[in-house]
Amino acid sequence: MSRPVLVRREQALRGGQPLSFAIGLVVALTIGIVLLLGAGHDPVAIYERMFVAALGDPDSWSVTLNRAVPLGLAGLAVAVAGSMGLWNIGAEGQILAGAMMAAGVARIGEGWPGPVLVTAILVGGVVGGSLWALGPAVARSQIGVNEILTTLMLNEVALRLVQWLIHGPWKDPDSFNFPLAPMIPDHGRLPTLFGRAHVGVIVALVVIALFAVAVNRTAWGFELRVAGSSGATARYAGISLERKTATVLVMAGGVAGLAGGIELAGTADRLTEGISNGFGYAGIIVAALALMRPSGVAAVAVLFGAVQIGGQSIQTMGVSSSVSTILQALILFGAIGAGVLSRYQVRMVPGDPGDPGGDGVQVGEAT
Amino acid sequence: MSDIWKRFPGVVANAGANLSVSRGSIHAVLGENGAGKSTLMNVLAGVYRPDEGEVRVEGVAHRFRTPADALAAGIGMVHQEFRLVPSFTVAENVVLGAAARILRRQAIEDEVADLAEQFGLATRPDRPVWQLSMGERQRVEILKALWRDAHILILDEPTAVLTPAEADELGVVLRAMADAGRSVIFISHKLHEVTGFCDEATVLRGGRTVAASVRVADTDAGELASLMVGSSPMTTERPPAHPAGPPLLEVSGLSALGDRGLPALQSVDLTVRSGEIVGIAGVAGNGQRELCQVVAGLRSATAGTVHLAGDDLTGASPRKLFQAGLGYIPEDRLGVGLAPRLSVVDNSILRTYEAHRRGPFIVAERAEAHCVDLVERFGVRTGPLDDPMAGLSGGNLQRLLVGRELSGRPRVVVAAQPTRGLDVQGVKAIQDLLVEARDEGAAVLLVSEDLDELLTLADRLVVMHDGEIVGEFDPTTAARSEIGEAMIGHGAGVGS
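Chains as they are written, first to last, in numbering that gives the first Met the number 0: chain A, 0 to 366; chain B, 0 to 495.
What follows is the structure, given as structure tokens:
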């Protein structure tokens, strides 16, 4: 009897990540053909529609890019913390907090000139997200409270807060009793670039690039990466973990909050319950696919955005939203699975499948 | 077990080890860290498969592929880290995986209680494990093995987690088991326990058996100690002595707590002068590690002072100490001294990255030049310098680490187990670097478990036991047996 085990490659395959994404895509689309045929659809037409809707012309590109903005910033919010070995699961709540603060700014600054108001809204987003991450940051750095739990739980709190605002104090009197906040003033909206793409695309790209450079090229980023490797090594290198942990989590919150501000002023135009639409959680996947490297986040976010936009578009062709969601999931599974194979290889070893011993687990040290 | 070989990448853990245990005896397996004890036991317990060699149980040859195979042949192992489910009761843990499909709580509790009584293991079968002391948890592990009808019971350093009173109790339990016809293999490096309650002893060194089944009654702790640390002729020529200069590292009255919050270092006084290597000998876990950590700023002292070249730097940060001229080669290379996932370049500037800054940026060219310099000067064999550090072999990892610490010509060097686990070439290279640093006037504090290394390199040798310095020796004249005695706490003070 022999059985397969995963063995870590000594080195990840070079260029493995883009390649694995492509392989994953092909595998997923192949499985998807079966799925679509089973549901009585023409796979070729469906796939064509997905592609055209996401990447077919400048207009579709503009929609995809707009979608990539919150995904990329949320991914960055996870990846920056992840570079230091911290898990920021709270991007969702930080986006909502950013959107709330931005909406508050928009209410106050109705009379301000356009450029001032737009800038203030985006800054409001950053501040809101940072404040939302402040609690977990302080708790983690001062008394070691696990940031995974605190950031995750605050997501729910943020959502409830948004609901309270739009059902209560900020409810639009003209919304026919729907729970919606009023539209932000027109001159507070993000200027468009082309098609429907707004300035947020450039803002996000600049922010991601800044963080990528900071993490890879600066002393600050060096400390971050050392701390991510091992806390003991960081102390040995003379790095103060407490301060670093706190600032990094707050910064991550600010990045996610910026996404909230951009969504408000760029696509949603008003505070709604669904303004984040799961971007914060999707950001975890984006960061994982980018191997927690801020530099990889932008490309992954565009691909992820294209998959989402393409998936949504086929719902108008009578494909049920479940099938569309399954297709999106397959593509992501394929990419993640192929990513694993770029870092691990499958080896057959002798032994029964249920057997816990064997060479596959013999990776311990020798004494 | 005869002629067991087990190789791991870059390390030969067992090189023809033998072990023969007779029924109804308590058999000690002795050896220093890295002597191959745990590997040999893991081979016996079916965790590792030997590359070569034979395992016979009651005359029958076995090839165990899994721990379950070994258990079926009657071999059970109690590991150093307990493998218990904290929220389960004692009885549930004992029968876990080896009980009938339907558990009748009261019945198994009674059965476990009977078994415990039979061997005098005081326990409370209905208690959840998380409520138990370490000693009680260990008894649960022993019960697990007995429940599975193990006739040969391996205990891997069982007393490491026990209080002295608990250790004595364990001795009584083991005797009861031996009297009942079972065999106990007792791994330890605490010699007084071996002489206290073992019948026979096998000593391993460098993966080989150097003394097989010695009757404990016919020997004494001193002899066993010298077998453990070896008496092979010196492999390296003793480097010429160097006249010692002014004191650069002065430690006085230093006390500190260990990881478990118990005193690990008690009022240690130590001076290392410019141009000398002071070696610290001792059995692992007697405060050497804590001493190095306090001096390097990674552990706080509860009392006492550390002076570097006359300046009081007690409690200073690791960075401040480094800048004041302290090079530190930590025992845990990959967990403390290096960042394995970062690149070779990043690792080479781990201590000095601030010096490679321009504004907020680290100047890549400068960092790389520094790395290339280290790699060339210290003969590190590497792939591309942007690849992760973890890709380097053990010897090359250590060359880079040692090179990095020595390249700034530190006034004081603290080296903890700097050659452990390296191959012959690597050992020689690191030793030469330490001697070179000394010859350039550094004060070197060298902690090692390899007594040969200490005798070869050190200009003075102090022995630590139980967190205290218990003896000082002149390595050129001291007898190994005397040092061995001191290491186990039987020393007669200053022996030089």
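The C-beta atom is built at its ideal place from N, Cα and C for all residues, glycine as well.
DSSP bridge partner residues for residue 26 of chain B (one or two, in chain order): As a position in the second sequence, residue 26 of chain B is number 27, starting the count at 1. According to DSSP, residue 26 of chain B bridges with B:184 and B:199.
Tell whether a beta-carbon distance below 8 Å holds between residue 0 of chain B and residue 186 of chain B. In the second sequence, residue 0 of chain B corresponds to position 1, counting from 1. In the second sequence, residue 186 of chain B corresponds to position 187, counting from 1. The Cβ atoms of residue 0 of chain B and residue 186 of chain B lie no closer than 8 Å to each other.
In angstroms with no decimal places, state the Cα-to-Cα distance between residue 231 of chain B and residue 451 of chain B. As a first step, residue 231 of chain B must be located in the second sequence, where it is residue number 232. As a first step, residue 451 of chain B must be located in the second sequence, where it is residue number 452. Interpretation of residue 231 of chain B is limited by its pLDDT of 45, a score under 50 that renders its predicted location unreliable; no figure is taken from the coordinates.
In chain A, which residues lie with their C-beta within 8 Å of the C-beta of residue 343 of chain B? Here residue 343 of chain B is taken as the residue at index 344 of the second sequence, counted from 1. Per Cβ cutoff of 8 Å: no residues; residue 343 of chain B is ~13 Å from chain A at best.
Could you check how far apart the C-beta atoms of residue 48 of chain A and residue 308 of chain A are, in whole angstroms? I think they sit under 8 Å. Translated into the one-based positions of the first sequence, residue 48 of chain A becomes position 49. Translated into the one-based positions of the first sequence, residue 308 of chain A becomes position 309. Actually they do not touch by this definition, with Cβ atoms about 11 Å apart.
Using a C-beta cutoff of 8 Å, does residue 361 of chain B count as contacting chain A? Here residue 361 of chain B refers to the residue found at position 362 when the second sequence is read from its first residue. Yes, residue 361 of chain B lies at the interface with chain A (some Cβ there is under 8 Å from its Cβ).
Do the region 249 to 261 of chain B and the region 424 to 442 of chain B meet, that is, are 3 or more Cβ pairs less than 8 Å apart? no
Within 10 Å of its beta-carbon, does residue 59 of chain A have 16 or more other beta-carbons around it, so buried, or fewer, so exposed? Numbered from 1 along the first sequence, position 60 holds the residue referred to as residue 59 of chain A. Label assigned to residue 59 of chain A: buried.
Within the continuous beta strand (DSSP E) that includes residue 301 of chain B, where are the two ends? The residue labelled residue 301 of chain B in the question sits at position 302 within the second sequence. Where residue 301 of chain B is concerned, the enclosing beta strand (DSSP E) stretches over 300 to 307.
Run of the beta strand (DSSP E) containing residue 472 of chain B, from where it starts to where it stops: Here the question's residue 472 of chain B lines up with position 473 in the second sequence. From DSSP, the beta strand (DSSP E) with residue 472 of chain B extends over 467 to 472.
Helix, strand or coil for residue 4 of chain B per DSSP? What you label residue 4 of chain B is simply residue 5 of the second sequence in a count that begins at 1. Correct three-state label for residue 4 of chain B: strand.
Taking residue 447 of chain B as the reference, which of B:269, B:415 and B:46 has the closest Cα? Numbered from 1 along the second sequence, position 448 holds the residue referred to as residue 447 of chain B. Per the Cα distances, B:415.
Expected contact under 8 Å - CB spacing of residue 247 of chain A and residue 79 of chain A to nearest Å: On the first sequence, position 248 is the one that residue 247 of chain A refers to. On the first sequence, position 80 is the one that residue 79 of chain A refers to. Right, the Cβ-Cβ distance comes to about 6 Å (below 8 Å), so this counts as a contact.
Provide the residue span of the alpha helix (DSSP H) that contains residue 76 of chain B, from first to last. Position 77 of the second sequence, counting from 1, holds the residue named residue 76 of chain B. In the DSSP assignment, residue 76 of chain B falls outside any alpha helix (DSSP H) and lies within the beta strand (DSSP E) extending over 74 to 77.
Continuous alpha helix (DSSP H) assignments of at least 4 residues falling wholly in the region 112 to 181 of chain A: Qualifying alpha helix (DSSP H) stretches, in chain order: 113 to 142 and 146 to 166.
Do the region 352 to 366 of chain B and the region 377 to 387 of chain B make contact, defined as three or more Cβ pairs closer than 8 Å? no
Look up residue 365 of chain A in the DSSP assignment and say whether it is helix, strand or coil. Taking the first residue of the first sequence as position 1, residue 365 of chain A is located at position 366. Because residue 365 of chain A carries a pLDDT of 33, less than 50, the predicted location of this residue cannot be relied on, and the following value inherits that uncertainty. For residue 365 of chain A, the three-state secondary structure derived from DSSP is coil.
Between B:462, B:307 and B:473, which lies nearest to residue 488 of chain B when the distance is taken from Cα to Cα? As a first step, residue 488 of chain B is located in the second sequence; it is residue number 489 there, counting from the start. Of the listed residues, the one whose Cα sits closest to residue 488 of chain B is B:462.
Chain B within 8 Å of residue 225 of chain A, Cβ atoms only: On the first sequence, position 226 is the one that residue 225 of chain A refers to. Interface residue, yes.
With a CB to CB cut of under 6 Å and the five nearest residues on each side skipped, what residues in its chain are close to residue 138 of chain B? One-based indexing of the second sequence puts residue 138 of chain B at position 139. The answer, listed in chain order, is 120 and 122.
Residues in the same chain with beta-carbon distance under 7 Å from residue 289 of chain A, minus the five sequence neighbours each way, listed in chain order, please. Taking the first sequence and counting its residues from 1, one reaches residue 289 of chain A at position 290. Correct list, in chain order: 74, 78, 295, 296 and 299.
Residue nearest to residue 19 of chain A in terms of C-alpha spacing, selected from A:344, A:345 and A:340: Translated into positions along the first sequence, residue 19 of chain A becomes position 20. Ranking the options by Cα distance to residue 19 of chain A, first place goes to A:340.
Can you give the Cα-Cα distance for residue 252 of chain B and residue 237 of chain A, rounded to whole angstroms? If you number the second sequence from 1, residue 252 of chain B lands on position 253. If you number the first sequence from 1, residue 237 of chain A lands on position 238. Distance between the alpha carbons of residue 252 of chain B and residue 237 of chain A: 26 Å.
Show which residues of chain B have a CB atom less than 7 Å away from the CB atom of residue 235 of chain A. Here residue 235 of chain A is taken as the residue at index 236 of the first sequence, counted from 1. Result: 297, 317, 329, 335 and 336.
If you draw a straight line from the C-alpha of residue 156 of chain A to the C-alpha of residue 269 of chain A, how long is it? To locate residue 156 of chain A, count along the first sequence from 1; it is residue 157. To locate residue 269 of chain A, count along the first sequence from 1; it is residue 270. Distance between the alpha carbons of residue 156 of chain A and residue 269 of chain A: 20 Å.
Counting along the chain, where does the beta strand (DSSP E) carrying residue 52 of chain B start and finish? Counted from its first residue, the second sequence places residue 52 of chain B at position 53. Start and end: 51 to 56.
Taking only beta-carbon positions, decide if residue 321 of chain B is within less than 8 Å of chain A. Position 322 of the second sequence holds residue 321 of chain B. Residue 321 of chain B counts as touching chain A.
Applying a beta-carbon distance threshold of less than 8 Å, which residues of chain A neighbour residue 349 of chain B? Numbered from 1 along the second sequence, position 350 holds the residue referred to as residue 349 of chain B. Chain A residues near residue 349 of chain B: 225, 232, 235 and 236.
Any idea which residues DSSP pairs residue 311 of chain B with across the strands? On the second sequence, residue 311 of chain B is found 312 positions in, with the first residue counted as 1. Residue 311 of chain B pairs with B:306.
With distances taken from CA atoms, which of A:85, A:128 and A:102 is nearest residue 146 of chain A? The sequence position of residue 146 of chain A within the first sequence is 147, counting from 1. Selected option, being the one with the closest Cα: A:85.
Kindly indicate which residue of A:343, A:72 and A:312 has the alpha-carbon position closest to the one of residue 250 of chain A. Residue mapping note: residue 250 of chain A aligns to position 251 of the first sequence, counting from 1. Taking only the C-alpha atoms, the option nearest residue 250 of chain A is A:72.
Output the boundary residues of the beta strand (DSSP E) element that contains residue 193 of chain A. By one-based count along the first sequence, residue 193 of chain A stands at place 194. From DSSP, the beta strand (DSSP E) with residue 193 of chain A extends over 191 to 193.
Are the beta-carbon atoms of residue 141 of chain B and residue 131 of chain B separated by less than 8 Å? As a working note, residue 141 of chain B is residue 142 in the second sequence. As a working note, residue 131 of chain B is residue 132 in the second sequence. No, they are not a contact pair.
Taking Cβ-Cβ distances shorter than 7 Å, what residues in chain A pair up with residue 339 of chain B? Stepping through the second sequence from its first residue, residue 339 of chain B is reached at position 340. Under the 7 Å cutoff, chain A gives 228.
Mind listing the chain A neighbours of residue 356 of chain B? Cutoff is C-beta to C-beta under 8 Å, in chain order. Residue 356 of chain B sits at position 357 when you count from the first residue of the second sequence. Going along chain A in sequence order, the residues near residue 356 of chain B (Cβ under 8 Å) are 218.
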